[in-house]
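Scroll down for the structure; my scribbles are underneath it.
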Amino acid sequence: MSNIQENLRYSKDHEWVSVEGDVATVGITDYAQEALGDVVYVELPKSGDTFAAHEAVGSVESVKAVSEIFTPIGGEVVEVNDAINDAPESVNNDCYGAGWMIKVKMNNPGETDAMLSGVEYEEYLSANA
Amino acid sequence: MENLKKTPLNEVHRALGGKMVDFGGWDMPVQYSAGVIAEHLATREKAGLFDVSHMGEIHVDGADAIPFINSITTNDVTKLVDGQAHYSALTNERGGVIDDLLVYRFAENKLFLVVNAGTQDKDWDWISSKRGDFDVDLRHASVDYCQIAIQGPKATEILQRLTKTDLSAIKYYHFATGEVDGVSSIISRTGYTGEDGFEVYADATKAVQLWNKMLQTGNGEGILPCGLAARNTLRLESAMSLYGHELGDDISPLEANLGWICKLNKGEFVGRDVLLKQKEEGLDRKLVGFEMVEPGIARDGFPVMIHGEKLGVVTSGSPAPYLKKNIGLAFVPLEFANVGQEIKIDVRGRLLTAVIVPTPFYKREK
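Protein chains in written order, with the numbering used here: chain A, 54 to 182; chain B, -19 to 346.
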């Protein structure tokens, strides 16, 4: 059973965002990290890079597989979690905390409204996974 | 998923939290709840337990068992003594590899072949077709057997508690028949991890008993059940070939650094003339080990670029959990197949630097 936190918004690509003002923190969900297995490498964009919603911003690699990270919202990257270079396992151990990936200053904060709530994401998982 | 084949341990894997995948038509655990890194490290440092019951077993009995198998495999079966096994290859007329296999000699008229899971039907058809006038009985006995591998520095100690057979008397690539937890077994000092350990073959109906007993007995030593992902990273660190990656119908064993199992002077065998010619004229390409210099992970099938040209391909690439490096095996043109040669790996469009290094990447201390 996946850990889903009710206070976050979710994408169908298995990213989560947490919003504070116009800045969204982005990471991958418990379901995604579980499906990948042991994460060994995370490739992230640089601060200052800009992306449209649903663009690939980097990738997460486990021993067995690689998966792209898509940003659910558009904007400018204002901070990246450099700590996961040295501790990629935090994506497995604490995907909603220490395993966060980027902070994005959103062009259009309303974009998160289109994302799934925890309940909706859970329903999406049971229907599709 | 309905048509996937199952080993006798399928339910046990699920109960242990195994993440099941379709592996060449078999429903197998790719990892358990501990995860691939923990499983890999347990095997290097303590012990790992692997269900390899999907592998194929073929009995070859009869007066011509040795000359027959010698005529279709590359290694020299006449050199085996009773209780000994060797690694070998089944080759086609083009000198390509139909499969790699273990050949066990029980007696002069009794051999036992262990082949890969996904290739066993192809192997069986090929071997049967080559029988000709040889005085042999062939039996495809895969469903009769389970095979459980216990590998790692603690493997011997753990298994010894379950058998009266003196395991210290079984040398590497030798085997004995005996009882494990009261179950008659073939106890073979072989493996696919680069560690010391054993592969135990027994009646398929005893698989669950043997598996549970070995796990239980090794609990204090920290034994972990290991899935296919760890099996792959362990063999890759040890630079052992995997069929369909480093070996295939159009890959010569000489290219794959398996010259040591190609006894070209032993007499005629299928593909020998081609291999002999390759040896005389030299190879075009060779399998090498490489290590990533820039951050990034090479994966199977990624192109190898040298001086801006695609000149090779990664056959297996992965993070190496024990070595903590990103490594791989690749075919490159012979002229570049030298330790220290810099190459580029095309990682999804980015050319990342790697360097050719000696293999095996990992060698256990004896």
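Built from N, CA and C at the ideal position, the CB exists for glycine as well.
Relative to the Cα of Gly281(B), the nearest Cα in the group Met8(B), Arg(-6)(B), Phe311(B) belongs to Phe311(B).
For Lys290(B), the enclosing beta strand (DSSP E) has its first and last residue at 289 to 300. Around the CB of Leu314(B), fewer than 16 other CB atoms lie within 10 Å, so the residue is classed as exposed. Relative to the Cα of Glu271(B), the nearest Cα in the group Gly247(B), Ser296(B), Gly288(B), Glu261(B) belongs to Ser296(B). Remark: fewer than three beta-carbon pairs, one from each stretch, lie closer than 8 Å, so the region 208 to 219 of chain B and the region 115 to 122 of chain B are not flagged as touching. Taking 7 Å as the cut-off between beta carbons, the residues of the region 82 to 93 of chain A near chain B are Gly90, Asp91, Val93, in sequence order.
Per DSSP, the continuous beta strand (DSSP E) segment holding Ser68(B) begins and ends at 64 to 71. The C-beta distance from Leu97(A) to Gly80(A) rounds to 11 Å, too long to meet the 8 Å contact threshold.
For the 8 Å CB-CB criterion, Ile128(B) and Ala27(B) do not form a contact. Under the Cβ criterion (8 Å, minimum of three pairs), the region 88 to 97 of chain A counts as touching the region 110 to 126 of chain A.
Residues of chain A with a Cβ closer than 9 Å to the Cβ of Val16(B) are, in chain order, Gly90, Asp91, Ser115, Val116, Lys117. Nearest to Gly288(B) by alpha-carbon distance, out of Lys304(B), Pro301(B), Leu267(B), Asp326(B), is Asp326(B). Short of 8 Å from the beta carbon of Glu68(A), and not among the five residues preceding or following it, lie these beta carbons of its own chain, in chain order: Val79, Gly80, Ile81, Thr82, Ala85, Ile122, Phe123, Thr124, Pro125. Residue environment: Ala167(A) is assigned as exposed (fewer than 16 neighbouring CB atoms within 10 Å of its CB, all protein chains considered). In this structure the region -8 to 8 of chain B does not lie against the region 156 to 172 of chain A, because fewer than three pairs of beta carbons, one per stretch, are closer than 8 Å.
When the beta-carbon positions are compared, Leu255(B) and Gly15(B) stay at least 8 Å from each other. A residue is called buried once 16 or more other Cβ atoms fall within 10 Å of its Cβ, and Lys257(B), having fewer, is exposed.
Excluding five sequence positions before and after Glu73(B), the CB atoms of its chain that fall closer than 7 Å to its own CB belong to Val250, Gly251, given in chain order. Of the other Cβ atoms in all chains shown, fewer than 16 fall within 10 Å of the Cβ of Arg328(B); this residue is therefore exposed. At a cut-off of 8 Å between beta-carbon atoms, Gln131(B) makes no contact with chain A.
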